[in-house]
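Right, one structure below, let's go through it.
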Amino acid sequence: MADLAVQDLPEPSNSYSNDLSKLLVLINSARRGFWAFAIYNNVVAREEVIETVKRTVSPLPVFDWTYSPENSYPASYLKSLTEEQKRERAVVFFFDLERGGTDAWKSLDYSRETLASHPHALIFWTTSKGRTDAARKAPHFWAQRSGVLDFTISVPVEQHRELMGSWAGQPVEVATYADAERQLRLFLGLLDEYRALPDAPLETIAQLDGKVGWLFDFLDRREEAVSCLEEQIEIARQLGLTELEAEALTNLAIVERIRTGRPKAIELLEQALILSSFPMLIAKIKQNLGEVIYLYGESDRSLNLLNEALKLFKQIGDNLGQANVLKAIGDVQSFRDEKDEALKSYDEALKLFKQVGSNLGQANVLKAIGDVQSFRKEMDEALKSYDEALKLFKQVGDNLG
Amino acid sequence: MSDQIKIKYGKPVLFVFEGLDKIDLGQGKDIFIDRSQTISGFRASAIFLMPIGLRYTPQFSTVTQYFKHYSLSNIKLHTSKNQPYPEGRAKLHELIAQRIDPFLFAGNALDEAITASGGLIRTLIALIRDAAVNAVVRESEKIESVDVRSAIASLRGDFIAMLETRHYPILKARYEDKNLDSDQETQELLESLALLEYDNDTFWCDVHPIVLPVVLERTK
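From first to last, the protein sequence lines are chains A and B. For what it's worth, the working numbering labels the leading residue of the first sequence as 72, then goes sequentially. For what it's worth, the working numbering labels the leading residue of the second sequence as 809, then goes sequentially.
Structure (structure tokens):
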């Protein structure tokens, strides 16, 4: 990449511009690996810095690593890189390590030489508490840091809350797994900030719990999803928000369906159906109930529920909802050995997924079409469908798919 | 294995065990004190890095029975009696001159960095690196005092974040008596580098110069 000149740096927009300049100088000057700690007290400001860095260092590749119980040691970022990427310069942002506790920090001491052996700029995002933890729990790694950059901001409380509110109100929009991880990081950070407020607004916390729970589930982190959704249900009950409770019960049912099995999911969905009077939520509940019960021999009731859901999504004009239901109808028809009808439903679902631009939806339908074709011994067609599905799963970053 | 290597290559074998200095003191005791006989039983030479805190434990005499030990102390800039030690300062000047052209430092910038380092090479290099980044951000061709002072302030912030209230009176006491001992807090402070260890005729310690103003301020 071309060397950065100081005049090329972004316009200083706030109190941390000097530390942003230092970080960019470090990234630009270091030819060998180094690490630095970036301290933040506001996730919105953190995301702003990250976007600025990504824009400024381009075309240098930038990778993200986020702590999770399944992926708890920072050195594991290397596993996701190709041999060439390991040898080339890159920036790697590490998030949420402080959620991992002592073992995660201590692993930095033990993997220090590994982390130093690649020409990567490793930037560890932490709060002030995380900085203290890093210094105490990973003293050998900490001692070799190339800098501690301060991106904490000091803004009037009201302005801060307004900013948090506008970010917390953003919808969850996921096109790839990387999107999901980025949004999870943001909403989890906001959740921490809201929880730390002396007069924490419970409804906002519950809304964020729902978003975080959904994202955890999307990323197959189901235990954490359940914990957030249970908190959401508890707050909704406390505040008497029945629609929110119904929505949380529905989302919890979706998680429990895979985690603990169908009976728990059916119980939760039936509770949600009693509570809700919103057409969109009712459609979602009926869709999920329909998807669950057909495997219990109730395929007629399942198709009735799915058709009711389809009608509601049509009335609302929700194409993604319709696409999901048509896929589910196709699954039930395929289960009943009504393969022609199933293919027809899948085709309709595919068109709608294309229309709304959902690659994951298209991939799932193409796989289902491939399964029907394979069942009918139409192997060439099946291979073609699986191939298309595989390409789309790769685009989305869904390794399981 | 070492016997096979000796037979095949006809040369003595040396094992170097790196990274064992990073383990916790408890694990260090497990390895170097409880199993000192086992790990010193190689039919080959071996170098182990061990946690520095072990040296101040009452059981360290067990280690000395099995191992010859060496300590890499910091380079002192003054004696335990607070007398200047110019040889140490000269050594650090020489070390820096091998890494960076002294012409790149303006005025007293390098001397200020050396004084602030307390003779700890790691701190000195970190200060100079930070100061260099500060100079680049200022679009200056030389590292000036202002850059070094900003780097010192940043490093002081790291110490403040790391130290607990209970540490300050201990640091004040060590500043006054320079005595090293094996108590838990002193070990913690040595590990965090808020206390630096030196030796001449005897081992002694002092508070890291960067943290000293905060210690004096908070123990008034």
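Virtual Cβ for every residue (Gly too), placed ideally from N, Cα, C. Owing to the predicted nature of the structure, the values given are computational and were not obtained by experimental measurement.
With distances taken between CB atoms, is the gap from Leu-360 (chain A) to Leu-383 (chain A) smaller than 9 Å? no
Alpha carbon of Phe-825 (chain B) to alpha carbon of Ile-847 (chain B), nearest angstrom: 11 Å
Closer than 8 Å to a non-hydrogen atom of the ligand NAD - does that hold for the CB of Arg-232 (chain A)? Ligands displayed in this structure: none; no statement on the ligand NAD is therefore possible.
Between the region 422 to 438 of chain A and the region 451 to 465 of chain A, can you find at least three pairs of beta-carbon atoms closer than 8 Å? yes
Consider the Cβ of Val-1023 (chain B): report whether some Cβ of chain A lies at a distance smaller than 9 Å. no
Going by Cα to Cα distance, which pick from B:Gln-867, B:Asp-919, B:His-886 is closest to Val-956 (chain B)? B:Asp-919
Starting from His-473 (chain A), trace the beta strand (DSSP E) in both directions and tell me its first and last residue. No information on residue 473 (chain A) is available, as it lies outside the stretch 72 to 472 that chain A covers here.
Thinking C-alpha only, which one of A:Trp-213, A:Arg-103, A:Leu-262 is nearest Val-162 (chain A)? A:Arg-103
Between Arg-982 (chain B) and chain A, is the shortest Cβ-Cβ distance under 9 Å, so that the two count as touching? no
Proximal residues, the region 955 to 967 of chain B versus chain A, C-beta separation under 8 Å: Ser-962, Gly-965, Asp-966
Taking Lys-1028 (chain B) as the reference, give the member of B:Trp-1012, B:Ala-981, B:Glu-895 with the closest Cα. B:Ala-981
Any idea what DSSP makes of His-886 (chain B), helix, strand or coil? strand
I'd like the list of long-range same chain contacts for Asp-280 (chain A), defined as Cβ closer than 6 Å, with 5 residues on each side in sequence excluded. Cys-299, Glu-302, Gln-303
Looking at the structure shown, is Leu-900 (chain B) part of a helix, part of a strand, or coil, going by DSSP? helix
Residue range of the unbroken beta strand (DSSP E) whose run includes Phe-823 (chain B): 822 to 825
Check whether Ile-929 (chain B) and Asn-882 (chain B) have beta carbons under 9 Å apart: yes
Three Cβ pairs or more, each shorter than 8 Å: is that satisfied between the region 203 to 215 of chain A and the region 966 to 986 of chain B? yes
Starting from Glu-155 (chain A), trace the alpha helix (DSSP H) in both directions and tell me its first and last residue. 154 to 158
Given a threshold of 16 other Cβ atoms within 10 Å of its Cβ, counted over all protein chains shown, does Met-450 (chain A) qualify as buried or as exposed? exposed
Contact criterion: CB-CB distance below 9 Å. Does Thr-127 (chain A) meet it with respect to chain B? no
Validate contact between the region 142 to 154 of chain A and the region 110 to 121 of chain A using beta carbons, cut 8 Å, 3 pairs: no
Just the chain B side, please: which residues come within less than 7 Å of Thr-203 (chain A) by C-beta, in chain order? Ala-969, Met-970
Mind the definition here: the region 350 to 366 of chain A touches the region 317 to 327 of chain A only if three or more C-beta pairs lie below 8 Å; say whether that holds. yes
Residues bridged to Trp-776 (chain B) (per DSSP): Residue 776 (chain B) lies beyond the residue range present for chain B, which begins at 809 and ends at 1028; the question has no answer from this structure.
Are the C-beta atoms of Tyr-181 (chain A) and some chain B residue less than 9 Å apart? yes
DSSP state of Asp-955 (chain B), grouped into three classes? helix
What three-state label does DSSP hand Thr-846 (chain B) in the structure shown? helix
Quick one, are the C-beta atoms of Phe-212 (chain A) and Phe-164 (chain A) less than 9 Å apart? no
What's the C-alpha gap between Thr-923 (chain B) and Phe-875 (chain B)? 35 Å
For Val-219 (chain A), the first and last residue of its enclosing beta strand (DSSP E): 219 to 221
Going along chain B, which residues have a C-beta under 9 Å from Lys-93 (chain A)? Asp-938, Val-941, Asn-942, Val-944, Val-945
Going along the chain, which residues of its own chain have a beta-carbon closer than 8 Å to the beta-carbon of Thr-185 (chain A), five neighbours each way excluded? Ala-146, Leu-149
Please say whether Gly-927 (chain B) and Leu-862 (chain B) have beta carbons closer to each other than 9 Å? no
Proximal residues to Leu-346 (chain A) (C-beta, below 8 Å), its chain only, five neighbours per side dropped: Thr-313, Glu-314, Glu-316, Ala-317, Leu-320
Could you tell me whether the Cβ of Glu-999 (chain B) comes closer than 9 Å to any Cβ of chain A? yes
Please state whether DSSP places Ser-84 (chain A) in a helix, a strand or coil. Because Ser-84 (chain A) carries a pLDDT of 45, less than 50, the predicted location of this residue cannot be relied on, and the following value inherits that uncertainty. The answer is coil: DSSP assigns Ser-84 (chain A) none of H, G, I, E or B.
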